[in-house]
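Asks:
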Amino acid sequence: MFSLLHISPENMVWLYLAPLVVFGPIFFGVLWNFGLKNIFYPPQDLAEYQRLEREQSEHISQRRTRKSGTYTRPQHMATQFSAQWLGQVVVLAGVAGVLGAFSAWPSYRYREPGMAQVKLSLSHPGERVEPCRKRTAEELASLAPNMRAKMKCTRERWPITVKLWLDGEVVFAGQAAATGLHQDGSSSFYEKISVPAGSHTLTVRLNDAGPHGGVTQELSQAVVLAPAQNLVIGFHEDGRGFYLK
Amino acid sequence: MSQLRTPLQNVFLLSEKTLDRVFGPEWNPLRQLGTVAFFMYWIAAGTGIFIYIFFETSVGGAYQSVEYMTHDQWYLAGVMRSLHRYSSDGMVLFMVVHLFREWSFDRYRGVRWYAWFTGVVVIWLLYASGLSGYWLVWDQLAQYVALGSMEWFDALGIFGEPVATNFLAEGSLTDRFFTLLVFIHIFVPLFLLFAMWVHVMRVSQPKINPPRGAAIGLTAMLVVLSLVKPAISHGAADLGLIPQNLNLDWFFMVLYPIFDAWGGGALWLLAIGGSLVLAVLPWVPPLKNSKAPVVTLEHCNGCGWCYADCPYGAITIVPRTDGLAYSHQAEVNEANCTRCGICVGSCSTASPFQSMDDLVSGIDLPDLNIKTLRGLVDTALAVAPGGIVVVGCEHGPRVQEQALPDTAAVRLPCVSMLPPSFIDYMISEGAGGVLIAGCPECGCRFRSGVALMQDRLEGQRDPYLRKRVPRERIRTVWASPIEASALHAATLAFHEDLKTLDDDVEDSADV
Chain A
0 MFSLLHISPE
10 NMVWLYLAPL
20 VVFGPIFFGV
30 LWNFGLKNIF
40 YPPQDLAEYQ
50 RLEREQSEHI
60 SQRRTRKSGT
70 YTRPQHMATQ
80 FSAQWLGQVV
90 VLAGVAGVLG
100 AFSAWPSYRY
110 REPGMAQVKL
120 SLSHPGERVE
130 PCRKRTAEEL
140 ASLAPNMRAK
150 MKCTRERWPI
160 TVKLWLDGEV
170 VFAGQAAATG
180 LHQDGSSSFY
190 EKISVPAGSH
200 TLTVRLNDAG
210 PHGGVTQELS
220 QAVVLAPAQN
230 LVIGFHEDGR
240 GFYLK
Chain B
0 MSQLRTPLQN
10 VFLLSEKTLD
20 RVFGPEWNPL
30 RQLGTVAFFM
40 YWIAAGTGIF
50 IYIFFETSVG
60 GAYQSVEYMT
70 HDQWYLAGVM
80 RSLHRYSSDG
90 MVLFMVVHLF
100 REWSFDRYRG
110 VRWYAWFTGV
120 VVIWLLYASG
130 LSGYWLVWDQ
140 LAQYVALGSM
150 EWFDALGIFG
160 EPVATNFLAE
170 GSLTDRFFTL
180 LVFIHIFVPL
190 FLLFAMWVHV
200 MRVSQPKINP
210 PRGAAIGLTA
220 MLVVLSLVKP
230 AISHGAADLG
240 LIPQNLNLDW
250 FFMVLYPIFD
260 AWGGGALWLL
270 AIGGSLVLAV
280 LPWVPPLKNS
290 KAPVVTLEHC
300 NGCGWCYADC
310 PYGAITIVPR
320 TDGLAYSHQA
330 EVNEANCTRC
340 GICVGSCSTA
350 SPFQSMDDLV
360 SGIDLPDLNI
370 KTLRGLVDTA
380 LAVAPGGIVV
390 VGCEHGPRVQ
400 EQALPDTAAV
410 RLPCVSMLPP
420 SFIDYMISEG
430 AGGVLIAGCP
440 ECGCRFRSGV
450 ALMQDRLEGQ
460 RDPYLRKRVP
470 RERIRTVWAS
480 PIEASALHAA
490 TLAFHEDLKT
500 LDDDVEDSAD
510 V
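Which chain is which? The protein sequence lines are A and B, in order.
The numbers in numbering that gives the first Met the number 0 rise by one with no breaks, and the one at position 222 of the first sequence is 221.
The numbers in numbering that gives the first Met the number 0 rise by one with no breaks, and the one at position 101 of the second sequence is 100.
This is the structure in structure tokens:
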């Protein structure tokens, strides 16, 4: 997947506005055609339009005060007064019961007891598909003065391959392509693996140098996971490689 | 589709009838679902402003401040918090029932597509508003919802780096994040309010507040619920631990377990697909509309009565275009018109006391103009001379299924399509009585048909029924299609009353 947006806590507002982005143009079109257009471009001169509206409502309110005839509308309070109050209390109690109950019940078991979680989360750029090289003097001379960078680098990066073993058994293996239209961004992993609490040996290996690169980063460590613990396998970009947290 | 709708509609009709006896039609919550949902919004907004006073917008302080409100100041801030939660839940509950009700009554197709379509946006914004509020508590439930939401967004695959990594471990979050969350939780509900306004924009004089009595009852219900079962938090959020058992608010969080089970892609499919299906429902299949009313300028005096009565704002009054001595004329906006015919009933020129050749109204339904209406009435008078003419609507009790002697029926799209002068005409022409049988009170298919007819009969609204018309020869029955027995009983009782009335007249004539 290519990267269109980089979301951080500071600009995360866009996440919740995503539905608006999806529906926004349609919504605005509807809004414009059936409401706003009349506000901005009333079908006739605005003052005249408003005068007519005002005149109509005054005229109508005057007429509404007229009375004639003796027709009386039917009465619906057929049941006993006290029974009605009781009925209202019962119905409202029922609604309250529904609200009170389903606002916190039935409880939901997100993770089974005795289970822990290993979360693999890393974002790391693969090696360049073509390594950077120094430009020759002729090449530099042929470029415009403001474009004379000494190194020539292509943009495309290798996808990253990550494999995770728990007690010698592969629990995750995946490959992530570099983000960006030119595949020049980072490759990211975000995986949750549910594991039984207790002692384990975790091994994680990464290859960021293409099909012939082999294992470029590795961590193997014994861990003791408490029930409900969330162990993060992350990656330092400063060269220190994998870490557990 | 109607085979699916009808059973649910019958459930609603039965429930509404029952609750009418308990609350009366005006206070009946099932007849006020939209306004009650609006009311829930106001409660949530008001209580939200109050609890914001005590809320601390920081990672460490958020949970503690909510705990302070819940336990130390339970009697005020705690109640406010509970009201905030339960009113939000209530809004979801009433909105969902409102949605099903409108669907079952087929009030989403034709010109009503607009309210339905914009309602889909309201659903999204309501969920965004509610869920962003749950984050603010920053307990284990907030942690679950926050992570679930972020992982769900990550499933879109449009972010360079998974946004869920913002919640990776303790220390990932900053106080600024909570400031942002508060910002979201204030502005998304404001967008929601805006969408709710748009939702009712095409309705004339929309009703957005429930009657005072109903509002008091609902408020009391929420306060009692808040005292009996206060909203409480889970343990404080800890990103180093995964929550085990969670007391989900199912009104807002019903999709999260689905996300856990099916994954983000399936949930996006469900959410977007479901929304699209909902959004296009008004056109599946499209409503076949009859022809919209037409204004005959030679007969329109621009009085504005149709403009005042149209429940959907489909009529505007514009300056005269034909040079006649009147200042204004009516103009119909077909896109807003439900073809109820209420405008015909309110037309000051719609009178049957003319020769058939001259029968033209200022505004008329081409498929059922007043000439045709006069013909239907004349036929009814001929079928049941001296009997009862039952004027019913297409959505109330089925008047034409009655098989009573000395009774004839006329069916209109809405009873308010009948100009009061036609009642005068029927009685003048020898009808023993006129029985108006329309939708239940506060349950009119066209919003205000029942109320308008009652106002006209009572003389409170133009065109009103002339004083000379004997009111004892007029009866109304407001009932649903499943209440055939109510119409039957009312007709029989009316026959009896008319018989007594006729006997009295004969007695007085003898004297």
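Don't be surprised by glycine CBs; every beta carbon is placed ideally from N, CA and C.
Does W137 (chain B) come out as helix, strand or coil in the three-state DSSP assignment?
Replies: Counting from one through the second sequence, the residue named residue 137 (chain B) turns up at place 138. W137 (chain B) falls in the coil class under three-state DSSP.
Asks: Could you tell me which residues DSSP puts in a beta bridge with N300 (chain B)?
Replies: In the second sequence, counting from the first residue as 1, residue 300 (chain B) sits at position 301. In DSSP, N300 (chain B) forms no bridge with anything.
Asks: Output needed in chain order: residues of the stretch 100-117 of chain A with a Cβ under 7 Å from some Cβ in chain B.
Replies: Answer set for the stretch 100-117 of chain A: F101, S102, A103, W104, S106, Y107, R108, Y109, R110, P112, Q116.
Asks: Could you list the residues in the stretch 127-158 of chain B with a C-beta less than 7 Å from some C-beta on chain A, going in chain order?
Replies: Those residues of the stretch 127-158 of chain B that come within reach of chain A (Cβ to Cβ, closer than 7 Å) are A127, S131, Y143, F152, D153, G156, I157, F158.
Asks: Grab me the residues of L224 (chain B)'s own chain with a C-beta within less than 6 Å of its C-beta, minus the 5 sequence neighbours each way, in chain order.
Replies: Here the question's residue 224 (chain B) lines up with position 225 in the second sequence. Excluding sequence neighbours, L224 (chain B) sits near Y85.
Asks: If you check the beta carbons only, do G344 (chain B) and S415 (chain B) fall under 8 Å apart?
Replies: Stepping through the second sequence from its first residue, residue 344 (chain B) is reached at position 345. Stepping through the second sequence from its first residue, residue 415 (chain B) is reached at position 416. The answer is yes: Cβ separation under 8 Å.
Asks: Can you tell me which of B:D105, B:H97, B:G47 puts its alpha carbon nearest to the alpha carbon of G77 (chain B)?
Replies: The residue you call residue 77 (chain B) lines up with position 78 of the second sequence. For the residues B:D105, B:H97, B:G47, the minimum Cα distance to G77 (chain B) belongs to B:G47.
Asks: List the residues of chain C whose Cβ lies closer than 7 Å to the Cβ of G395 (chain B), in chain order.
Replies: In the structure shown, chain C cannot be found, because the protein chains are A and B.
Asks: If contact is defined by three or more beta carbon pairs under 8 Å, each pair taking one atom from either stretch, is the stretch 291-304 of chain B in contact with the stretch 253-266 of chain B?
Replies: Too few Cβ pairs lie closer than 8 Å, so no.
Asks: Enumerate in chain order the residues of its own chain whose CB-to-CB distance from E482 (chain B) is below 6 Å, with the five nearest sequence positions on each side excluded.
Replies: Locating residue 482 (chain B) in the second sequence gives position 483, where the first residue counts as 1. Cβ neighbours of E482 (chain B) beyond the five flanking positions: P396.
Asks: I need the boundaries of the beta strand (DSSP E) containing C392 (chain B), first residue and last residue.
Replies: In the second sequence, the residue the question calls residue 392 (chain B) occupies position 393. Note, C392 (chain B): beta strand (DSSP E), 387-392.
Asks: Interface residues of chain B around G184 (chain A) at Cβ under 9 Å?
Replies: The residue given as residue 184 (chain A) occupies position 185 in the first sequence. Ordered by position in chain B, the residues that pass the 9 Å Cβ test against G184 (chain A) are G159, E160.
Asks: Inspect the beta-carbon positions of A379 (chain B) and A408 (chain B) and report whether they are closer than 8 Å.
Replies: Reading the second sequence from its first residue, position 380 is the one you call residue 379 (chain B). Reading the second sequence from its first residue, position 409 is the one you call residue 408 (chain B). A contact, by the Cβ cut-off of 8 Å.
Asks: Cβ of S420 (chain B) within 8 Å of Cβ of P351 (chain B)?
Replies: Here the question's residue 420 (chain B) lines up with position 421 in the second sequence. Here the question's residue 351 (chain B) lines up with position 352 in the second sequence. Result yes, Cβ atoms of S420 (chain B) and P351 (chain B) sit closer than 8 Å.
Asks: So what does Y242 (chain A) bridge to, in DSSP terms?
Replies: Here residue 242 (chain A) refers to the residue found at position 243 when the first sequence is read from its first residue. Beta-bridge pairing links Y242 (chain A) to A:G233.
Asks: According to DSSP, which residues form a beta bridge with M150 (chain A)?
Replies: For the purposes of this step, residue 150 (chain A) is taken as residue 151 along the first sequence, with counting starting at 1. Per DSSP, A:K133.
Asks: Does any C-beta atom of chain B lie closer than 8 Å to the C-beta of K244 (chain A)?
Replies: Indexing the first sequence from 1 puts residue 244 (chain A) at position 245. Output row for K244 (chain A): interface = yes.
Asks: Does the Cβ of A43 (chain B) have 16 or more other Cβ atoms within 10 Å, making it buried, or fewer, making it exposed?
Replies: Translated into positions along the second sequence, residue 43 (chain B) becomes position 44. Result: buried.
Asks: Would you mind stating whether Y143 (chain B) and L238 (chain B) have Cβ atoms separated by less than 8 Å?
Replies: The sequence position of residue 143 (chain B) within the second sequence is 144, counting from 1. The sequence position of residue 238 (chain B) within the second sequence is 239, counting from 1. Not in contact: Y143 (chain B) and L238 (chain B) (Cβ atoms no closer than 8 Å).
Asks: Under 8 Å between C-beta atoms, does A168 (chain B) make it to chain A?
Replies: Position 169 of the second sequence holds residue 168 (chain B). Answer yes: the Cβ-Cβ gap between A168 (chain B) and chain A drops below 8 Å somewhere.
Asks: On the criterion of 16 or more Cβ atoms from any shown chain inside 10 Å, does C131 (chain A) qualify as buried, or is it exposed?
Replies: Working through the first sequence from its first residue, we reach residue 131 (chain A) at position 132. C131 (chain A) should be labelled exposed.
Asks: Between the Cα of K164 (chain A) and the Cα atoms of A:I192, A:E138, A:N145, which residue gives the shortest distance?
Replies: In the first sequence, residue 164 (chain A) corresponds to position 165, counting from 1. Note on residue identity: the sequence assigns Trp, not Lys, to residue 164 (chain A). Taking only the C-alpha atoms, the option nearest W164 (chain A) is A:I192.
Asks: Taking just the CA atoms, how far does G132 (chain B) sit from F53 (chain B)?
Replies: Your numbering for residue 53 (chain B) matches position 54 in the second sequence. Your numbering for residue 132 (chain B) matches position 133 in the second sequence. Those two C-alpha atoms are separated by around 15 Å.
Asks: Taking Cβ-Cβ distances below 7 Å as the criterion, which residues of the stretch 78-94 of chain A are in contact with chain B?
Replies: Within the stretch 78-94 of chain A, the qualifying residues are T78, Q83, G86, Q87, V90, L91, V94.
Asks: Can you tell me whether W104 (chain A) is buried or exposed, with buried defined as 16 or more other CB within 10 angstroms of its CB?
Replies: On the first sequence, position 105 is the one that residue 104 (chain A) refers to. W104 (chain A) should be labelled exposed.
Asks: Identify the contact partners of Q228 (chain A) in chain B, using a Cβ-Cβ distance below 9 Å as the criterion.
Replies: The residue given as residue 228 (chain A) occupies position 229 in the first sequence. By Cβ distance, chain B contributes G239, L240, I241.
Asks: State the Cα-Cα distance for the pair D363 (chain B) and P404 (chain B), rounded to the nearest angstrom.
Replies: Locating residue 363 (chain B) in the second sequence gives position 364, counting from the first residue. Locating residue 404 (chain B) in the second sequence gives position 405, counting from the first residue. Rounded to whole angstroms, D363 (chain B) to P404 (chain B) spans 32 Å at the Cα level.
Asks: Any beta carbon from chain B within less than 8 Å of G68 (chain A)'s own beta carbon?
Replies: Within the first sequence, numbered from 1, the residue matching residue 68 (chain A) stands at position 69. Any reading at G68 (chain A) must be qualified, since the residue scores a pLDDT of 42, below 50, and its modelled position is unreliable; the value itself is stated next. With 8 Å as the cut-off, G68 (chain A) counts as an interface residue toward chain B.
Asks: For L217 (chain B), which option in A:V88, A:P24, A:G28 has the closest C-alpha, if you only look at C-alpha atoms?
Replies: Residue numbering aside, residue 217 (chain B) sits at position 218 when the second sequence is read from its first letter. Among A:V88, A:P24, A:G28, the Cα nearest to that of L217 (chain B) belongs to A:V88.
Asks: Using the beta-carbon count (16 or more within 10 Å), is M0 (chain B) buried or exposed?
Replies: Working through the second sequence from its first residue, we reach residue 0 (chain B) at position 1. Its Cβ having fewer than 16 others within 10 Å, M0 (chain B) is exposed.
Asks: Give the straight-line distance between the Cα atoms of C152 (chain A) and E129 (chain A), rounded to the nearest whole angstrom.
Replies: Residue mapping note: residue 152 (chain A) aligns to position 153 of the first sequence, counting from 1. Residue mapping note: residue 129 (chain A) aligns to position 130 of the first sequence, counting from 1. The alpha-carbon atoms of C152 (chain A) and E129 (chain A) are separated by roughly 7 Å.
Asks: Just to make sure I have the definition right: I need the residues of chain B whose C-beta is within less than 8 Å of the C-beta of V231 (chain A). Which are they?
Replies: Within the first sequence, residue 231 (chain A) is the residue found at index 232, counting from 1. Those are L167, A168, listed as they occur along chain B.
Asks: Within 10 Å of its beta-carbon, does L221 (chain B) have 16 or more other beta-carbons around it, so buried, or fewer, so exposed?
Replies: Working through the second sequence from its first residue, we reach residue 221 (chain B) at position 222. Classification of L221 (chain B): buried, given that the 10 Å Cβ count is 16 or more.
Asks: Comparing alpha-carbon positions, which option in A:Q220, A:V90, A:A172 lies nearest A219 (chain B)?
Replies: By 1-based counting over the second sequence, the position of residue 219 (chain B) is 220. The residue with the shortest Cα to Cα distance from A219 (chain B) is A:V90.
Asks: Given this structure, state the Cα-to-Cα distance separating H394 (chain B) from A488 (chain B), to the nearest angstrom.
Replies: Within the second sequence, numbered from 1, the residue matching residue 394 (chain B) stands at position 395. Within the second sequence, numbered from 1, the residue matching residue 488 (chain B) stands at position 489. Their Cα atoms are separated by approximately 19 Å.
Asks: Return the chain-ordered ranges of every alpha helix (DSSP H) run that is complete within the stretch 70-126 of chain B and spans a minimum of 4 residues.
Replies: Segments of the alpha helix (DSSP H) lying fully in the stretch 70-126 of chain B: 78-103.
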